[in-house]
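Protein chains: 2
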Amino acid sequence: MEENILLRQLLRERKLKATSTRLDVLAVISGYNKAIPFSEIQNSLHDFDRVTLYRTINSLMKSGIIHKASVGEKETFYAVCSSKCSSDSHNHKHIHFKCSNCKAVTCVQADSAINFAITGHTINNFEIEATGICVSCN
Amino acid sequence: MEENILLRQLLRERKLKATSTRLDVLAVISGYNKAIPFSEIQNSLHDFDRVTLYRTINSLMKSGIIHKASVGEKETFYAVCSSKCSSDSHNHKHIHFKCSNCKAVTCVQADSAINFAITGHTINNFEIEATGICVSCN
DNA sequence: ATTTTATTGCAACCTTGTTGCATTTAATGT
DNA sequence: ACATTAAATGCAACAAGGTTGCAATAAAAT
Ligand SMILES: [Mn+2]
Ligand SMILES: [Mn+2]
Ligand SMILES: [Zn+2]
Ligand SMILES: [Zn+2]
Numbered sequence: 001m002e003e004n005i006l007l008r009q010l011l012r013e014r015k016l017k018a019t020s021t022r023l024d025v026l027a028v029i030s031g032y033n034k035a036i037p038f039s040e041i042q043n044s045l046h047d048f049d050r051v052t053l054y055r056t057i058n059s060l061m062k063s064g065i066i067h068k069a070s071v072g073e074k075e076t077f078y079a080v081c082s083s084k085c086s087s088d089s090h091n092h093k094h095i096h097f098k099c100s101n102c103k104a105v106t107c108v109q110a111d112s113a114i115n116f117a118i119t120g121h122t123i124n125n126f127e128i129e130a131t132g133i134c135v136s137c138n
Numbered sequence: 139m140e141e142n143i144l145l146r147q148l149l150r151e152r153k154l155k156a157t158s159t160r161l162d163v164l165a166v167i168s169g170y171n172k173a174i175p176f177s178e179i180q181n182s183l184h185d186f187d188r189v190t191l192y193r194t195i196n197s198l199m200k201s202g203i204i205h206k207a208s209v210g211e212k213e214t215f216y217a218v219c220s221s222k223c224s225s226d227s228h229n230h231k232h233i234h235f236k237c238s239n240c241k242a243v244t245c246v247q248a249d250s251a252i253n254f255a256i257t258g259h260t261i262n263n264f265e266i267e268a269t270g271i272c273v274s275c276n
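Chains as they are written, first to last, in the numbering used here: chain A, 1 to 138; chain B, 139 to 276.
Now the structure itself:
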């Protein structure tokens with residue numbers, strides 16, 4: 001109810017109608033504190049149509065509010081974007097880390113900036129997916 | 139016909155029967171010289187069942203002959219493994235690069251080894267997918 | 001309060017990939 | 001070359017994940 005106001009604002013800033021579906025979905029995703037698997041969103045909210053959920057997720061992604069954080073091929077994970085993302089462009093410089101123990105997927109920063117070159121190629125963007133053991137499991 | 143012998147050998151080494159399906163699929167994939175999209179394999183070879191193609195690709199992957207080279211979420215790409223891969227383990231230390239101009243996906247080495255750390259985390263493995271402009275388009 | 005415009009639900013569909021089972025094919029030993 | 005064995009194939013059926021068209025509904029703007 002109270003926090004709702006913040007989410008409402010966020011949606012309006014990105015020129016999305018603040019519908020109850022979007023508010024609910026957004027609350028679940030941002031309350032999760034790590035990347036959330038699609039099924040987890042679905043289970044938390046079985047009061048609207050499958051199709052609506054897909055469409056909601058798509059519009060949240062297009063407007064730079066959330067992003068996919070897929071590691072491995074299986075289920076799709078979603079995470080809230082940093083404030084630097086907008087409707088125009090997603091702008092992440094972090095790593096998607098999957099803990100092989102607890103299976104959690106998180107967005108983490110590397111300790112120092114990662115740079116590499118490939119002769120003859122122009123690198124415009126890159127994504128890193130890492131697996132290992134996370135902080136809590138260590 | 140002549141090269142067939144090499145592919146036959148390769149399959150036998152990995153303890154796979156050298157069936158004509160496998161020889162055909164393998165010839166297409168290794169003749170492509172970059173990562174090949176699934177649909178491209180399908181189009182080159184419409185003489186056997188869809189299911190067989192899936193099963194063939196799976197056994198080639200399990201035995202360390204080819205690997206997935208997916209960049210972005212859309213279609214799945216496959217590429218031949220370096221000789222270092224076996225039935226036991228895939229062992230790639232390269233980058234999957236997608237050219238935003240010609241759309242080709244290639245397996246490339248970075249100019250120098252890539253290393254990074256994440257405080258509190260143990261990193262066991264990572265994958266890098268990069269986008270940009272490839273050699274031929276540059 | 002009314003109009004405008006975006007979002008939702010539903011049903012139908014598509015793509016990608018998998019499974020069970022009977023049939024065929026490749027490898028192995030004679 | 002022939003029979004035996006074990007693996008691979010085709011077919012039909014299924015399942016998960018995701019999309020589309022369209023009429024009904026809800027949010028925003030006037
Ligand atoms: Mn992320
Ligand atoms: Mn590769
Ligand atoms: Zn963990
Ligand atoms: Zn190119």
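Backbone N, C-alpha and C fix where the C-beta goes; we use that ideal spot for every residue, glycine too.
- Taking C-alpha positions only, A156/B is separated from F176/B by approximately 21 Å.
- Here the distance from the Cβ of H94/A to the nearest heavy atom of ligand 1 is below 7 Å.
- Residue pairing of E267/B in beta bridges, as defined by DSSP: E127/A, H234/B.
- For V243/B, the secondary structure class from DSSP, reduced to helix, strand or coil, is strand.
- When DSSP states are grouped into helix, strand and coil, F38/A belongs to the helix group.
- Look at I143/B here: in three-state DSSP terms it is helix.
- F254/B is a Cβ neighbour of I114/A, given a cutoff of 8 Å.
- Contact residues of the stretch 247-262 of chain B toward chain A are Q247, A248, D249, S250, I252, F254, A255, I256, T257, G258, H259, T260, I261, N262 (C-beta to C-beta distance below 8 Å).
- Residue range 188-200 is occupied by the alpha helix (DSSP H) that includes K200/B, with no beta strand (DSSP E) assigned at that position.
- Judged by DSSP in its simplified three-state form, I118/A adopts coil rather than helix or strand.
- In the three-state scheme derived from DSSP, where H, G and I count as helix and E and B as strand, I66/A is classed as strand.
- Listed along the chain, the chain A residues whose CB falls inside 9 Å of the CB of T269/B are I123, N124, N125, F126, E127.
- With a 10 Å radius around the Cβ and a threshold of 16 neighbouring Cβ atoms, Y192/B comes out exposed.
- According to DSSP, residue pairing for V28/A in a beta bridge does not occur.
- In the DSSP annotation of this structure, the continuous segment of the beta strand (DSSP E) that includes A217/B starts and ends at 215-218.
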